[in-house]
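Visitor: Take this structure, written in structure tokens, and hold onto it; I'll ask about it next.
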Amino acid sequence: MHVIVVGGGISGLAAAHRLLAAGVRVTVVESDRRLGGKLRTGQIAGVQVDLGAESLLARRPEATELAKAVGLGDALRPPSVTSAAIWTRGDLRPMPRGQVMGVPDSAAALAGVLSDAGLARIARDAELPPLRVNEDVGIGALVAERMGGEVVDRLVDPLLGGVYAGDAYRISLRSSVPRLYEAVRAHDSLLAAVRSLRPAPSPEAARAPVFVGIEGGVGTLAAAVAENVAGRGAVIETGVGVTGLRRTARGWAAALDDGRSLVADGVLLAVPAPAAARLLAAEAPAAAGELGAVEYASMAIVTLAFRRSELATLPRGSGFLVPAVEGRTIKAATFTSAKWDWAAAADPGLFVLRTSVGRFGEESPLAWDDADLVRVALDDLGEAAGLRATPVDRVVTRWRQGLPQYTVGHDTRIARVRGYLAALPGLGLCGAAYDGVGVPACVGGAERAAAELLRTLPTGPRGESGEWAS
């Protein structure tokens with residue numbers, strides 16, 4: 215039995231890993247010449263760092279288990295520091311505790327971040343009529359209604375922006391923070407809902423990191439999985455795009471942009487929604503229409519390396535977020551050399567950091583050239599953290615249409631897509647646009663999609679499956 219996996223990002227590679235474990239022959243087809251998708255490492259001043267995703271949510275085990283399975287278990291590392299800040303109201307202020315994606319459990323938790331009027335507005339939540347949420351809602355709209363717009367602008371929006379590069383008023387509560395959605399449905403106030411999500415105090419929970427990284431960068435995970443699946447017999451084709459899918463009497467045929475065709479028992483699409491829509495247009499037009507409506511944000515990451523000796527003071531903490539209402543160009547900064555000990559050890563004389571630029575609806579800076587992006591990043595870093603020095607190296611990485619927007623109703627849209635695809639045995643779908651944007655969510659979604667695909671495939675030999683045709 216043979217399955218074509220379209221897409222060689224972490225979702226496609228994780229799916230291939232799962233399919234091989236079931237004894238299936240696998241061909242991975244990736245249009246880019248590089249595998250890994252949004253997992254990417256690169257060099258800056260001789261130090262290898264992440265230029266894409268740089269951490270894994272620790273409470274979800276899928277990515278760390280995959281890392282262990284491909285020999286990276288000993289390379290998993292917690293952050294050296296975890297204290298982050300918000301650059302707001304003219305200063306770097308500690309990230310408030312007692313909040314869930316920026317939604318606080320008390321007004322006191324946001325002292326210093328909000329004005330006195332903003333704090334007083336939060337406290338009014340408990341005095342409002344009982345909260346009733348029976349359908350999906352924009353998280354920003356709900357929080358503004360119950361606690362006021364200031365908490366959305368100063369905290370919820372930058373935290374959501376760090377994940378989705380999106381607008382809090384458009385991002386779905388049910389899809390982006392499902393546990394808060396369920397808590398909201400069970401309580402009469404938003405404050406009570408957030409308080410219900412407080413973890414029970416325990417020494418183990420206090421010590422457990424929220425995120426983990428990988429020595430050498432999270433991007434090394436994709437390379438390790440690719441090496442693992444290739445070593446177990448998977449065929450990996452890079453620089454080759456799939457231009458169309460067609461059902462056959464024995465399964466599926468994938469047309470490639472080099473003129474070849476590949477026939478297999480099943481196809482697993484591990485590509486962004488626009489690419490999936492194009493490939494499904496002929497065989498599943500309703501699904502294609504739904505996927506074509508999924509919106510994406512673009513962003514750039516500006517990575518900078520400084521000589522420590524030239525920095526008057528070293529930035530504190532792991533980094534900071536920037537609310538859009540501040541009118542700054544950068545949306546966040548991560549102090550890589552402070553956050554990850556392996557990055558600092560790679561060159562103790564350097565201090566490496568990265569900033570992000572762009573979000574949904576605010577993407578014009580991505581058209582600037584690299585020098586302009588570096589200049590505005592340095593300007594903002596100087597004002598926020600007093601960091602005024604000339605970098606010894608700089609790397610600008612653009613992620614165009616890289617972040618799917620989980621807008622209100624996103625989960626029901628994806629459920630409809632999966633319903634349409636259920637009528638087409640041997641066809642599956644996984645990726646950040648459907649299963650969650652974090653690396654663990656992508657890995658978990660890929661493994662589930664692979665398992666479901668296997669359940670729909672017929673058993674027994676397929677004489678023509680996997681053969682190349684011209």
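For what it's worth, the working numbering labels the leading residue of the sequence shown as 215, then goes sequentially. Every residue gets a Cβ at the ideal spot worked out from N, C-alpha and C, and that includes glycine.
#1: Excluding five sequence neighbours on each side, which residues of the same chain lie with their C-beta closer than 6 Å to the C-beta of Ala-440?
#2: Report, in whole angstroms, the separation of the C-beta atoms of Val-317 and Ile-300, which I expect to be a contact under 8 Å.
#3: Taking the alpha carbon of Val-651 as the point to measure from, which residue in Val-220, Val-242 and Leu-271 has its own alpha carbon closest?
#4: With 16 other CB atoms within 10 Å as the buried threshold, where does Val-657 fall?
#5: Three or more beta-carbon pairs under 8 Å between the region 525 to 543 and the region 624 to 644, yes or no?
#6: Report the three-state DSSP secondary structure of Arg-412 (helix, strand or coil).
#7: For Val-351, which residues in the same chain have their Cβ closer than 6 Å to its Cβ, ignoring the five residues on either side in sequence?
#8: Could you tell me how far apart the beta carbons of Leu-482 and Val-217 are, in whole angstroms, since I believe they sit closer than 8 Å?
#9: Can you tell me whether Ala-683 is buried or exposed? The criterion is at least 16 other CB atoms within 10 Å of its CB, across all chains shown.
#10: Given a threshold of 16 other Cβ atoms within 10 Å of its Cβ, counted over all protein chains shown, does Asp-305 qualify as buried or as exposed?
#11: Measure how close the beta-carbons of Ala-519 and Leu-505 come, nearest whole angstrom, since I'm counting them as under 8 Å.
#12: Report back the beta-carbon spacing between Ala-511 and Gly-533 to the nearest angstrom; my notes put them in contact at under 8 Å.
#13: Would you identify the three-state DSSP class for Leu-234, choosing helix, strand or coil?
#14: Helix, strand or coil: which one does DSSP assign to Val-263?
#15: Name the DSSP beta bridge partners of Ile-450, please?
#16: For Pro-654 and Gly-642, I'd like the C-alpha separation in whole angstroms.
#17: Check whether the Cβ of Arg-239 lies closer than 7 Å to any heavy atom of the ligand NAD, and answer yes or no.
#18: Taking the alpha-carbon positions, what's the Ser-679 to Gly-458 distance?
#19: Would you decide whether Arg-232 is buried or exposed? Buried here means 16 or more other CB atoms lie within 10 Å of its CB.
#20: Is the distance from the Cβ of Met-513 to the Cβ of Trp-582 below 8 Å?
#21: Note the first and the last residue of the continuous beta strand (DSSP E) segment covering Trp-556.
#22: On the three-state DSSP scale, how would you describe Tyr-395?
#23: Whose CA, out of Gly-640, Asp-649, Gln-615 and Leu-638, lies closest to the CA of Ala-629?
#24: For the alpha helix (DSSP H) that contains His-624, what are its first and last residues?
#25: Identify which residue in Ser-390, Leu-404, Val-391 and Pro-310 has its Cα closest to the Cα of Arg-368.
#26: Between Asp-472 and Ala-557, what straight-line distance do the alpha-carbon atoms span, to the nearest angstrom?
#27: For Met-215, which three-state DSSP category applies?
#28: Taking just the CA atoms, how far does Arg-273 sit from Ala-422?
#29: I need the boundaries of the beta strand (DSSP E) containing Leu-732, first residue and last residue.
#30: So, at 7 Å on beta carbons, what are the nonlocal neighbours of Tyr-620 in its own chain, with the 5 sequence-adjacent residues on each side left out?
#31: Using the C-alpha atoms, what's the distance from Ala-236 back to Ala-665?
#32: Could you name each continuous alpha helix (DSSP H) segment of 4 residues or more that falls completely within the region 339 to 385, going from the start of the chain to the end?
#33: How close, in whole Å, do the beta carbons of Ile-336 and Ala-321 come, if the pair is a contact with beta carbons under 8 Å?
#34: With burial defined as no fewer than 16 other Cβ atoms inside 10 Å of the residue's Cβ, what is the status of Pro-372: buried or exposed?
#35: Thinking C-alpha only, which one of Asp-625, Leu-667 and Pro-639 is nearest Ala-647?
#36: Let me know if Gln-313 comes out buried or exposed under the rule of 16 or more other beta-carbons within 10 Å of its beta-carbon.
Guide: Judging by the given coordinates:
#1: Excluding sequence neighbours, Ala-440 sits near Leu-227 and Leu-249.
#2: Val-317 to Ile-300, Cβ: 14 Å. No contact.
#3: Looking at Val-220, Val-242 and Leu-271, the one whose alpha-carbon comes closest to that of Val-651 is Leu-271.
#4: That one is buried.
#5: Short answer: they don't touch.
#6: Note: Arg-412 maps to coil in three-state DSSP.
#7: Excluding five sequence positions before and after Val-351, the CB atoms of its chain that fall closer than 6 Å to its own CB belong to Leu-387, given in chain order.
#8: Confirmed, Cβ separation roughly 6 Å.
#9: Note that Ala-683 scores 41 on pLDDT, short of 50, meaning its location in the model is unreliable and no value can be drawn from it.
#10: Classification for Asp-305: exposed.
#11: Distance from Ala-519 to Leu-505 at the Cβ level is roughly 39 Å; contact not present, criterion being Cβ atoms closer than 8 Å.
#12: Ala-511 to Gly-533, Cβ: 20 Å. No contact.
#13: Here Leu-234 sits in helix by DSSP.
#14: Reduced to three states, the DSSP call for Val-263 is strand.
#15: Note: Ile-450 is bridge-paired with Val-242 in the DSSP secondary-structure output.
#16: Our two residues, Pro-654 and Gly-642, have alpha carbons roughly 19 Å apart in a direct line.
#17: As far as ligands go, the structure on display features none, and thus does not contain the ligand NAD.
#18: In this prediction, Ser-679 has a pLDDT of 42, which is less than 50 and means its spatial position is unreliable; nothing more can be read from the coordinates.
#19: Only buried fits Arg-232, as 16 or more other CB atoms lie within 10 angstroms of its CB.
#20: Taking 8 Å as the Cβ cut-off, Met-513 and Trp-582 do not qualify as a contacting pair.
#21: Run containing Trp-556: none in the beta strand (DSSP E); it sits in the alpha helix (DSSP H), 555 to 560.
#22: DSSP places Tyr-395 in helix when its eight states are reduced to three.
#23: Closest option to Ala-629, Cα to Cα, is Asp-649.
#24: According to the DSSP assignment, His-624 belongs to the alpha helix (DSSP H) that extends over 624 to 636.
#25: Comparing C-alpha distances from Arg-368 to each of Ser-390, Leu-404, Val-391 and Pro-310 shows the shortest one belongs to Pro-310.
#26: Each residue's alpha carbon lies about 41 Å from the other.
#27: In this structure, Met-215 counts as coil in the three-state DSSP scheme.
#28: Their Cα atoms are separated by approximately 9 Å.
#29: Here the chain covers residues 215 to 684 and nothing more, so residue 732 does not appear.
#30: Sequence-distant Cβ neighbours of Tyr-620 in its own chain, meaning closer than 7 Å and more than five residues away, are Tyr-378, Ile-385, Ser-386, Ser-389 and Ser-390.
#31: Taking the straight line from one Cα to the other gives about 9 Å.
#32: Runs of alpha helix (DSSP H) with 4 or more residues, each lying fully within the region 339 to 385, are found at 353 to 361 and 371 to 378, listed in chain order.
#33: Right, the Cβ-Cβ distance comes to about 4 Å (below 8 Å), so this counts as a contact.
#34: The residue in question, Pro-372, is buried, as its Cβ has 16 or more Cβ neighbours within 10 Å.
#35: Taking only the C-alpha atoms, the option nearest Ala-647 is Asp-625.
#36: Counting C-beta atoms within 10 angstroms of its own C-beta, Gln-313 has 16 or more neighbours from the protein chains shown and is therefore classed as buried.
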